[in-house]
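Residue numbers (this note's numbering), protein chains in the order written: chain Y, 756 to 1109; chain B, 756 to 1109.
Here a beta-carbon is modelled for each residue, glycine too, at the ideal position from N, C-alpha and C.
2 protein chains.
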Amino acid sequence: METLAQQINIEKTKHSKIDQVDFDDLSFGSIFSDHMLVCDYKNGNWETPKIMPYGPISLDPSAKIFHYGQSIFEGMKAYKDADEQVWLFRPHDNHRRFNISAERMAMPEIPQAYFMEGLETLIGLEKAWIPSTDGSALYIRPFMFASGKGFHASPADAYKFLICLAPSGAYFSGKVKVLIEEKYSRSADGGTGFAKAGGNYAGQFYPTQLAAKKGYHQVIWTDDHKHEFIEEAGAMNIFVRLGDTLVTAPTSDRILDGITRKSILQISERENIKTEVRKITVGEVVEAAQDGSLKEMFGAGTAAVISPIATFGYRGKDYDLPELENSYASRLKKRIVDIQYNRAEDPFGWRYGI
Amino acid sequence: METLAQQINIEKTKHSKIDQVDFDDLSFGSIFSDHMLVCDYKNGNWETPKIMPYGPISLDPSAKIFHYGQSIFEGMKAYKDADEQVWLFRPHDNHRRFNISAERMAMPEIPQAYFMEGLETLIGLEKAWIPSTDGSALYIRPFMFASGKGFHASPADAYKFLICLAPSGAYFSGKVKVLIEEKYSRSADGGTGFAKAGGNYAGQFYPTQLAAKKGYHQVIWTDDHKHEFIEEAGAMNIFVRLGDTLVTAPTSDRILDGITRKSILQISERENIKTEVRKITVGEVVEAAQDGSLKEMFGAGTAAVISPIATFGYRGKDYDLPELENSYASRLKKRIVDIQYNRAEDPFGWRYGI
Ligand SMILES: Cc1ncc(COP(=O)(O)O)c(C=O)c1O
Ligand SMILES: Cc1ncc(COP(=O)(O)O)c(C=O)c1O
């Protein structure tokens, strides 16, 4: 029997853009590879995916994506090792989470074969687009949105699933300064915060702009009730090191269940770093900053990898974090990156060769 | 000096679809008129709007609308009176609210002239598309979304503003049955609930589907903390009549400031109907249903006009509302519709002739 991958029709570009790209000077997610995967959902079924030259999508003005925000996405990376072998990191977890997001947004789930074989076929074709510069990778963006028509506020009857690829450098440049938010919120109890749904991100832009005007790169979101608990950042889960214990908030329906987050918890266990998954109050973090027991704070996510936080702001005051010699952040980052780029053993079975 | 309207370039369709439309049998928002208005925002400026044949929009796959949900919209109607004169209802309020939504979603505001003159020019051209059947109107959908490119989770640098028109019949057909929600939420304190942002709607679809499986048409949203207070419905504000008093929840950053809602409050004042704007607990509504003091419940919105609720469900039990002879809902609906269709005096100055 034919696999799905064998059925994928590939239309190759006649004009590769790869020669125009400086792979040693990549920003994040602003250059796109030559091809994309496109798959349509109609009449209750996914059609066979197609790979075609990267190019514009045409939609009716009443397509529900424009009106009712039915859209979800994932963020992954492909890594190239010294032998030009290509690796993904826990890709089945992204597929699983994609379908969790789909359910919450009343969108159709995508079968594993469409996601995985689509991904592998596309990346196989675009192998030359994977940077090998340290700190760079091929950012992978699977996404789905409502293409079905109509102004009635109800789920669409047609969807598009795409995968696009962007060779990318670091998400943050330089020291990261964050603001603990006290007024705006990212998500509600019983809301969509745990889903990678488009609307969750647009809602963060305005408060993040206000924070940026005060000199912060990111907002750390707190609960919408009393802004008492530290939850997560725009595209990262948050870890706090209190003394020698690494603490992160439990996931909930307000917080994205990050793959980097859970990998850090697993690596820490192996490395005998004490971890706690529990609610973190803003008060205890401020107190720990004052009495010196707050050693580190960092963000964790596919795009940002592990990004140490240099300063956090709260109620008009800035708190600087110490610069440690042998930080948990740098130790854990080395471990995870070594697995991702196939520079070390992978005792967890996370690496996935293409 | 040329007005903006005089600068709008109009490209007329060569193939009108109007003969294919049965204006006596219209559903809601599924047929679109011959032309649309399109306006691009680039390099910090709005370009001159264009009117062109209704047709597909072409976007880069990395356009931020697909990924981060930056989209807002408005919902208005154009009404035709017995003399074929065309009227809008409080259109400047829609423009104002559009810009409030834009600010919260970190999108550029649209100048009043672009919104109003764009609207008037387009509707002037599409006058034949305004139904005159009772209960029908031309539904107007101004909307804006992020067309700028890139996978970085930050506001786009380019946007599109469009106005599309859909001759439409009633939003609901038959008796409306609603479910008071106890688990899912529509919005957070400090969130985007007060904005007409796409993501707010997609988030409602799944809980509404679950309610639909149990036989309800709509969900009545409650606060996300304890699901204690009645807030609003999917596309309507909610009114409750307790004894002879009409009660509706105060607007907040979780609730849309509906134009129908505030018009009802103003008409009620003139009609000597006693109103209260205050928090409404689910408990008091259930109690009032049990002791007979709950006389009416209805939804209010541009699409749904005033839609009486026949039954509400809560914690597995259904509560039927009485059928009143001379209900507030029917009285108020007649008043508002008579103003909209120019069948009565407009003491408020709400009607706006085109
Ligand atoms: C809101 C949010 N939190 C956390 C993360 C980190 O998740 P992951 O480690 O799976 O990339 C992301 C990015 O994917 C995110 O968008
Ligand atoms: C969430 C929500 N609430 C209430 C309303 C009613 O507002 P209006 O009366 O201005 O149409 C709408 C529809 O516009 C809405 O989308």
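Residue j beta carbon less than 8 Å from that of residue i
{"i": "Y:Val931", "j": "Y:Gln973", "result": "yes"}
{"i": "Y:Leu1049", "j": "Y:Ala1055", "result": "no"}
{"i": "B:Met1034", "j": "B:Phe984", "result": "According to the sequence provided, residue 1034 of chain B is Lys. The question's Met does not apply to it. The answer is yes: Cβ separation under 8 Å."}
{"i": "B:Tyr1107", "j": "B:Leu893", "result": "no"}
{"i": "B:Arg1025", "j": "B:Ser942", "result": "no"}
{"i": "B:Pro922", "j": "B:Trp976", "result": "no"}
{"i": "B:Phe927", "j": "B:Leu1011", "result": "no"}
{"i": "B:Ser1007", "j": "B:Leu1087", "result": "no"}
{"i": "Y:Phe960", "j": "B:Ser817", "result": "no"}
{"i": "B:Lys1029", "j": "B:Thr1000", "result": "yes"}
{"i": "B:Gly958", "j": "Y:Gly810", "result": "no"}
{"i": "Y:Thr1057", "j": "Y:Met831", "result": "yes"}
{"i": "Y:Leu917", "j": "Y:Leu759", "result": "no"}
{"i": "Y:Asp979", "j": "B:Asp978", "result": "no"}
{"i": "B:Gly924", "j": "B:Ser782", "result": "yes"}
{"i": "B:Glu875", "j": "B:Asn849", "result": "no"}
{"i": "B:Ala990", "j": "B:Ala1059", "result": "yes"}
{"i": "B:Met1093", "j": "Y:Ser940", "result": "Reading the sequence as shown, one finds Asp at residue 1093 of chain B and not Met. It is not a contact, given that the beta carbons lie outside the stated cut-off."}
{"i": "B:Lys819", "j": "B:Gly903", "result": "yes"}
{"i": "B:Ile812", "j": "Y:Leu814", "result": "yes"}
{"i": "Y:Glu1051", "j": "Y:Leu1020", "result": "no"}
Residue i beta carbon near ligand 2 (any heavy atom closer than 7 Å)
{"i": "B:Met991", "result": "yes"}
{"i": "B:Thr1057", "result": "yes"}
{"i": "B:Leu874", "result": "no"}
{"i": "B:Gly830", "result": "yes"}
{"i": "B:Leu1011", "result": "yes"}
Backbone secondary structure at residue i - three-state DSSP
{"i": "B:Pro808", "result": "strand"}
{"i": "B:Asp1128", "result": "Here chain B comprises residues numbered 756 to 1109, so residue 1128 of chain B is not present and cannot be evaluated."}
{"i": "Y:Ala952", "result": "strand"}
{"i": "B:Lys1050", "result": "strand"}
{"i": "Y:Asn849", "result": "helix"}
{"i": "Y:Tyr834", "result": "strand"}
{"i": "B:Thr876", "result": "helix"}
{"i": "B:Ile935", "result": "strand"}
{"i": "Y:Leu922", "result": "Reading the sequence as shown, one finds Pro at residue 922 of chain Y and not Leu. The answer is strand: DSSP assigns Y:Pro922 an E or B state."}
{"i": "B:Ala913", "result": "coil"}
{"i": "Y:Asp795", "result": "strand"}
{"i": "Y:Phe783", "result": "coil"}
{"i": "Y:Leu1087", "result": "helix"}
{"i": "Y:Leu1020", "result": "helix"}
{"i": "Y:His972", "result": "coil"}
{"i": "Y:Phe821", "result": "helix"}
{"i": "Y:Gln1082", "result": "Looking at the sequence itself, residue 1082 of chain Y is Ser, so the reference to Gln does not match. Reduced to three states, the DSSP call for Y:Ser1082 is coil."}
{"i": "Y:Ala892", "result": "strand"}
{"i": "Y:Ala901", "result": "strand"}
Any non-hydrogen atom of ligand 1 within 7 Å of residue i CB
{"i": "Y:Ile1014", "result": "yes"}
{"i": "B:Lys819", "result": "no"}
{"i": "Y:Lys951", "result": "yes"}
{"i": "B:Glu757", "result": "no"}
{"i": "Y:Leu1001", "result": "no"}
{"i": "Y:Asp987", "result": "Per the sequence shown, residue 987 of chain Y should be read as Glu rather than Asp. Yes; taking the cut-off as 7 Å, the Cβ of Y:Glu987 has a heavy atom of ligand 1 nearer than that."}
{"i": "Y:Leu877", "result": "no"}
Between the segment 852-865 of chain B and the segment 877-885 of chain B, can you find at least three pairs of beta-carbon atoms closer than 8 Å? In short, these stretches do not touch, since the Cβ pair count stays below three.
What are the residues in the segment 773-791 of chain B lying within 7 Å of chain Y by C-beta distance? Per Cβ criterion, the list reads Phe783, Gly784, Ser785, Phe787, Met791.
At a CB distance below 9 Å, what residues from the segment 805-816 of chain B approach chain Y? Give them in sequence order. Taking 9 Å as the upper bound on Cβ-Cβ separation, chain Y lies near residues Tyr809, Gly810, Pro811, Ile812, Ser813, Leu814, Asp815, Pro816 of the segment 805-816 of chain B.
Taking 8 Å as the cut-off, does the segment 798-810 of chain Y touch the segment 759-772 of chain Y (at least 3 CB pairs, one atom from each stretch)? With the cut-off at 8 Å, the segment 759-772 of chain Y and the segment 798-810 of chain Y touch.
Taking 8 Å as the cut-off, does the segment 822-836 of chain B touch the segment 785-798 of chain B (at least 3 CB pairs, one atom from each stretch)? A contact is defined here as three or more CB-CB pairs under 8 Å, and the segment 785-798 of chain B fails this definition with respect to the segment 822-836 of chain B.
Can you confirm whether the segment 883-891 of chain B touches the segment 900-912 of chain B when touching is taken to mean that 3 or more C-beta pairs between the two stretches lie within less than 8 Å? With fewer than three CB-CB distances shorter than 8 Å, the segment 900-912 of chain B does not count as touching the segment 883-891 of chain B.
Residues of the segment 883-911 of chain B with a CB closer than 7 Å to any CB of chain Y: list them in chain order, please. Listed in chain order, the positions of the segment 883-911 of chain B with a beta carbon within less than 7 Å of a beta carbon of chain Y are Tyr894, Arg896, Phe898, Phe900, Gly905, Phe906, His907, Ala908, Ser909, Pro910.
With 7 Å as the limit, tell me which residues of the segment 929-950 of chain Y have their beta carbon closer than that to any beta carbon of chain B; keep them in chain order. For the segment 929-950 of chain Y, the beta-carbon criterion of a distance under 7 Å to any beta-carbon of chain B is satisfied by Lys938, Tyr939, Ser940, Ser942, Ala943, Asp944, Gly945, Gly946, Thr947.
Interfacial residues, the segment 968-986 of chain Y to chain B, with Cβ spacing under 7 Å: Within the segment 968-986 of chain Y, contact with chain B at the beta-carbon level (separation under 7 Å) is assigned to Asp979, His980.
Do the segment 845-856 of chain B and the segment 949-960 of chain B meet, that is, are 3 or more Cβ pairs less than 8 Å apart? Pairwise C-beta distances place the segment 845-856 of chain B in contact with the segment 949-960 of chain B, as three or more of them are shorter than 8 Å.
Please name the residues in the segment 1066-1085 of chain Y whose beta-carbon is closer than 8 Å to at least one beta-carbon of chain B, in chain order. If the cut-off is 8 Å between Cβ atoms, the segment 1066-1085 of chain Y has nothing near chain B.
Would you call the segment 1080-1099 of chain Y and the segment 833-843 of chain Y in contact, with 3 or more CB pairs under 8 Å? The segment 1080-1099 of chain Y, when compared against the segment 833-843 of chain Y, does touch it at the 8 Å Cβ threshold.
Taking Cβ-Cβ distances below 7 Å as the criterion, which residues of the segment 824-835 of chain Y are in contact with chain B? From the segment 824-835 of chain Y, only Gly824, Gln825, Ser826, Phe828 have a Cβ closer than 7 Å to chain B.
Could you please tell me which residues of the segment 852-882 of chain B, in chain order, have their CB closer than 9 Å to any CB of chain Y? So the list reads Glu858, Arg859, Met860, Ala861, Met862, given in the order they occur along the chain.
At a Cβ cut of 8 Å, what residues of the segment 985-1009 of chain Y count as close to chain B, listed as they run along the chain? Sequence-ordered contacts of the segment 985-1009 of chain Y with chain B read Gly989, Ala990 [C-beta pairs closer than 8 Å].
Short-range partners of chain B found in the segment 914-928 of chain Y, where Cβ spacing is below 7 Å: Listed by position, the residues of the segment 914-928 of chain Y near chain B (Cβ gap below 7 Å) are Leu917, Cys919, Ala921.
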